[in-house]
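Structure first, commentary second.
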Amino acid sequence: MTTTLKEGGGYKFKKLIIEGKTKQVYELADQPDECAVVSKDRITAGDGARAHDLKGKAQISNRTTCKIFELLSAAGIKTSFVREASESIFIARKCDMVPIEWITRRIATGSFLKRHPGVPEHFRFNPPKQETCFKDDENHDPIWSQEQIISANFKLNGLVIGRDEVEIMRRTALLVFEVLEKAWASRDCTLVDMKIEFGVDAKGEILVSDVIDSDSWRLWPAGDKSQMKDKQVYRNLTTVTQADLDTVKRNFSWVADQLQFLIPPTRGRVAVFMGSPSDEEHCRKIKKECDKLNIPCDLRVSSAHKGTEETLNILAEYEGSGEPVVLIAVAGRSNGLGPVLSGNSVFPVINCPPVNSNNISQDIWSSLNVPSGLGCTTVVYPTAAAQAAAQILALNNHMVWASLRAQALNNYVTLKKADKALRQTKE
Ligand SMILES: Nc1ncnc2c1ncn2[C@@H]1O[C@H](COP(=O)(O)OP(=O)(O)OP(=O)(O)O)[C@@H](O)[C@H]1O
Ligand SMILES: [Mg+2]
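Each residue of the sequence shown is one higher than the one before, counting from 21 in this note's numbering.
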């Protein structure tokens, strides 16, 4: 039985837009472009063929979705999530939903094995295998090809879903999977596969939407299927007792508890050493790029030629901090700074001399032609120095890794949109 709410989480509701098996979506009285997503204490499987009330599930699902969307947003992935409103409600951008489930798999299991006889369970897909299903409960969400999606000509909030839009969603689904796979790996959990949905908001922007919770993925602690902590436990039950439901809830709750560790406190830093304060503008460009990637970046002035001892003292500060640090050396003319740092530390050193067309042919050599035993590298552009530093830090910081990947995806989307706009003006 449907209970319609008038308000929740401090928001006044205008009307119920849609109610599904596990949640209600309300229009808000004061924000026409947003909606309230209200989770229900309901668990279902087999397109609704099996369904149970599960007290407390709404809160666990809401907590899970909010944390996952916060993680994706922090990385720079565009989602419909706006904010957590209460224990079982979150506010989202109101979307016209794309009626497609985007499935991404790293490891073969479940329905994939039935559809592809001969492929052993645990077969590893590199890159991950992507599938798309048309959301149609009555026909058990049939698999659709990209051509079928394009040919359906969905028009959502004024946006026609064509080849470009499908490609944007495909790449985004892959990125969401890989970002969450890395995040879960930091808790020694294997993200086996997952599904997401997209919506188109009032501005015609494609956003990762709906929810992402324990119903969305298969999650195997320590890569061990027998320890699975997702809804498959519920799907696999032959009879459903209260004790079984308690186990399912305990698993979901364990997952929600783990999420507080998935966005780690920022670890890793860039320290830009400039030989002279006249190089500040060049260094600020490096810092600006680090800011975009949420990487703390210090600017220090120190000349290895004129104040060698001080340079080594500052280096000792960073060595003693216990934090991973990438050093960027900015020195014009003869670059003693980068090689001195590199020769006295195992921190990675990136030279980024402020070269221009007048001095490049002489000055660059002092960064490139370094004595044996030194491993410093050299880049010319300040943004490239920040990117190279971020890639080093990303090796053991999955949030930096995610930010770099999201930045690349957002660049791709910007180019696609520019290309489309040009094509349309020509037509
Ligand atoms: N931000 C949003 N804006 C508009 N609709 C949304 C938003 N997020 C989710 N929805 C829609 O809310 C509906 C209710 O969700 P629920 O998951 O309970 O449905 P369901 O019974 O599982 O059906 P479905 O198979 O469509 O998911 C879904 O149709 C979903 O697409
Ligand atoms: Mg649903």
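For every residue, glycine included, the Cβ atom is placed at its ideal position computed from N, Cα and C. Owing to the predicted nature of the structure, the values given are computational and were not obtained by experimental measurement.
- Apart from the 5 residues on each side of it in sequence, glycine 243 sits with its Cβ closer than 6 Å to the Cβ of Thr210 in its chain, given in chain order.
- Per the C-alpha coordinates, the member of Asp156, Ser236, Phe281 positioned closest to histidine 418 is Phe281.
- The DSSP-derived three-state label of asparagine 371 is strand.
- Put simply, the backbone Cα of proline 402 is about 24 Å away from that of isoleucine 97.
- Counted as a single uninterrupted DSSP element, the stretch harbouring glycine 219 is not any alpha helix (DSSP H) but the beta strand (DSSP E) occupying residues 209-220.
- Less than 8 Å separates the beta-carbon of leucine 335 from that of asparagine 364.
- One residue list follows from the rule of a beta carbon closer than 7 Å to any heavy atom of ligand 2, given in chain order as Gly40, Lys41, Thr42, Asp230.
- For a cut-off of 8 Å, the C-beta gap from proline 373 to glycine 395 is around 17 Å, too long to register as a contact.
- Beta-bridge annotation (DSSP): tryptophan 164 is paired with Thr152.
- For ligand 1, no non-hydrogen atom lies closer than 7 Å to the CB of alanine 324.
- By the criterion of a C-beta distance shorter than 6 Å, serine 59 is surrounded in its chain by Lys43, Ala78, Ser81, Asn82, Ser108, once the five residues flanking it on both sides are discounted.
- Here leucine 361 is near leucine 347, since their CB atoms are less than 8 Å apart.
- Under the three-state reduction of DSSP, glutamine 51 is assigned to coil, being neither helix nor strand.
- A distance below 8 Å between beta-carbons, with the five flanking residues on each side excluded, links threonine 397 to the following residues of its chain, in chain order: Pro368, Val369, Ile370, Asn371, Ala408.
- With at least 16 other beta carbons inside 10 angstroms of its own, isoleucine 306 counts as buried.
- At a cut-off of 7 Å, the beta-carbon of isoleucine 88 does not count as near ligand 1: no heavy atom of the ligand is closer than that.
- For the pair glycine 327 and serine 296, the Cα-to-Cα distance works out to about 11 Å.
- Look at the beta carbons and you see the segment 179-192 not touching the segment 252-272: under three pairs across the two are nearer than 8 Å.
- In this structure, threonine 85 and isoleucine 232 form a Cβ contact; the two beta carbons are roughly 6 Å apart against a cut-off of 8 Å.
- In the DSSP assignment, the residues bridged to methionine 294 are Val321, Val350.
- When secondary structure is reduced to three states using DSSP, phenylalanine 272 falls in the helix class.
- Take proline 119, set aside five residues on each side of it, and the residues of its chain with a beta-carbon closer than 6 Å to its own are Lys155, in chain order.
- The beta carbon of aspartate 184 lies closer than 7 Å to those of Lys436, Lys440 in the same chain, with the five residues before and after it left out.
- If you compare the alpha carbons of Asp299, Cys303, Pro285, Ser234 with that of arginine 270, the shortest gap goes to Ser234.
- When C-beta atoms of the segment 61-69 are compared with those of the segment 144-151, fewer than three pairs fall below 8 Å, so the two segments do not count as touching.
- For lysine 308, there is no enclosing beta strand (DSSP E); the enclosing alpha helix (DSSP H) has its first and last residue at 300-312.
- Shortest gap from the CB of cysteine 153 to any heavy atom of ligand 1: 7 Å or more.
- Around the C-beta of glutamine 278, 16 or more other C-beta atoms lie within 10 Å, and the residue is accordingly described as buried.
- Methionine 214 has its CB no nearer than 7 Å to any heavy atom of ligand 1.
- When DSSP states are grouped into helix, strand and coil, lysine 202 belongs to the helix group.
- DSSP, reduced to helix, strand and coil, places methionine 117 within a strand of the structure shown.
- A residue is called buried once 16 or more other Cβ atoms fall within 10 Å of its Cβ, and histidine 302 is buried on that count.
- For ligand 1, a non-hydrogen atom lies closer than 7 Å to the CB of alanine 112.
- At least one heavy atom of ligand 1 sits closer than 7 Å to the Cβ of cysteine 115.
- Across the set Glu330, Ser354, Ser93, the C-alpha of Ser354 shows the shortest separation from the C-alpha of tryptophan 385.
- Comparing alpha-carbon positions, the option among Ser206, Asp230, Thr124 lying closest to leucine 194 turns out to be Thr124.
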